[in-house]
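Engineer: Structure incoming, see below.
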Amino acid sequence: MSRNAYICLAAAIAAFVLQPATRTSAQNTKAKIRAGWIQSCTKASDGIVEGCRLIRRVRLKSGPSRGKHVSIQIRLFKNEKSYIRIQLPAAVDLQSGVSLAVMDGTSSLSTLAYRSRLDQCNWAGCFAKLPLDDELLAALKTNKKIQIGFADSDDKKMSVEFSLRHFARAYQALEIALK
Numbered sequence: 055m056s057r058n059a060y061i062c063l064a065a066a067i068a069a070f071v072l073q074p075a076t077r078t079s080a081q082n083t084k085a086k087i088r089a090g091w092i093q094s095c096t097k098a099s100d101g102i103v104e105g106c107r108l109i110r111r112v113r114l115k116s117g118p119s120r121g122k123h124v125s126i127q128i129r130l131f132k133n134e135k136s137y138i139r140i141q142l143p144a145a146v147d148l149q150s151g152v153s154l155a156v157m158d159g160t161s162s163l164s165t166l167a168y169r170s171r172l173d174q175c176n177w178a179g180c181f182a183k184l185p186l187d188d189e190l191l192a193a194l195k196t197n198k199k200i201q202i203g204f205a206d207s208d209d210k211k212m213s214v215e216f217s218l219r220h221f222a223r224a225y226q227a228l229e230i231a232l233k
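Per the working numbering, the sequence shown starts with residue 55, numbered consecutively.
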């Protein structure tokens, strides 16, 4: 087999492997963007919304993970507990875990802080999951920003800030979609 044939075969395999997983009984609705928050919902085959999510991404500008994204996803479900899923680049220090702080924007002090271990890593990155309780949800709706902290593979402490501007309105739209 020629070199070009190997390259084509590798590209075809990569395209197949990297396809997003799909469920035959569900379909995604068209995603909407509200001030940086991406909204999307999944519907069952009968058209009833099963779950929704808000996503916000920030591109890293330095370190071994430069150019990679950190994302925060707020996942809401009709019949399950809602949670926050944080995605970090694969090149992070697993021992350090991840921290989430909700900030009011007027000082460097957090109004609410959480720490979690990274519970899954794959080619797309490393993930942490936090329950979305009433206290955290209220803090997200009324404060200005979220700060995600972690250590890169060189054990350098890093933090990424996400604006909470329009979060409350975007979250409310998903609550309405789930009713």
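The C-beta atom is built at its ideal place from N, Cα and C for all residues, glycine as well.
Whose CA, out of 105, 171, 98, lies closest to the CA of residue 142?
Structural biologist: Out of 105, 171, 98, 171 has the C-alpha closest to the C-alpha of residue 142.
Engineer: When you compare each of 194, 148, 227 to residue 203 by their alpha carbons, which one comes out closest?
Structural biologist: The shortest C-alpha separation from residue 203 is found at 148.
Engineer: Between which residues of its own chain and residue 111 is the CB-CB distance below 6 Å, once the five residues before and five after are set aside?
Structural biologist: Closer than 6 Å at the Cβ level, and outside the excluded window around residue 111, lie 123, 125.
Engineer: Taking the alpha helix (DSSP H) that residue 96 falls in, what are its first and last residues?
Structural biologist: Careful: residue 96 lies outside any alpha helix (DSSP H), inside the beta strand (DSSP E) at 91-98.
Engineer: Helix, strand or coil for residue 209? Go by DSSP, reduced to three states.
Structural biologist: Coil at residue 209, not helix or strand.
Engineer: Residues in its own chain within less than 6 Å of residue 214 by CB, not counting five upstream and five downstream?
Structural biologist: If we look at residue 214 and ignore the five residues flanking it on each side, its Cβ neighbours are 112, 124, 202.
Engineer: Leaving out five residues on either side along the sequence, give the residues of the same chain with a beta carbon under 8 Å from the beta carbon of residue 75.
Structural biologist: Confidence in residue 75 is poor, its pLDDT being 38 and thus under 50, which makes the residue's placement unreliable; the coordinate value appears in the next sentence. Nothing listed; no residue qualifies.
Engineer: Could you give the distance in angstroms between the alpha-carbon of residue 230 and the alpha-carbon of residue 209?
Structural biologist: Those two C-alpha atoms are separated by around 42 Å.
Engineer: I think residue 137 touches residue 153, with their Cβ atoms under 8 Å apart; what is that distance to the nearest whole Å?
Structural biologist: Contact doesn't hold; Cβ gap of about 16 Å is too wide.
Engineer: Go ahead and label residue 176 buried or exposed: buried means 16 or more other beta carbons lie within 10 angstroms of its beta carbon, across all protein chains shown.
Structural biologist: Exposed is the call here.
Engineer: Is it buried or exposed for residue 100, if we count other Cβ within 10 angstroms and need 16 for buried?
Structural biologist: Exposed, because fewer than 16 other Cβ atoms sit within 10 Å of the Cβ of residue 100.
Engineer: Which residues bound the alpha helix (DSSP H) around residue 189?
Structural biologist: Where residue 189 is concerned, the enclosing alpha helix (DSSP H) stretches over 188-196.
Engineer: List the endpoints of the continuous alpha helix (DSSP H) containing residue 154.
Structural biologist: Here residue 154 belongs to no alpha helix (DSSP H); instead the beta strand (DSSP E) covers 152-157.
Engineer: Buried or exposed for residue 133, please, with buried defined as at least 16 other CB atoms from any protein chain shown within 10 angstroms of its CB.
Structural biologist: When all chains shown are included, residue 133 counts as exposed.
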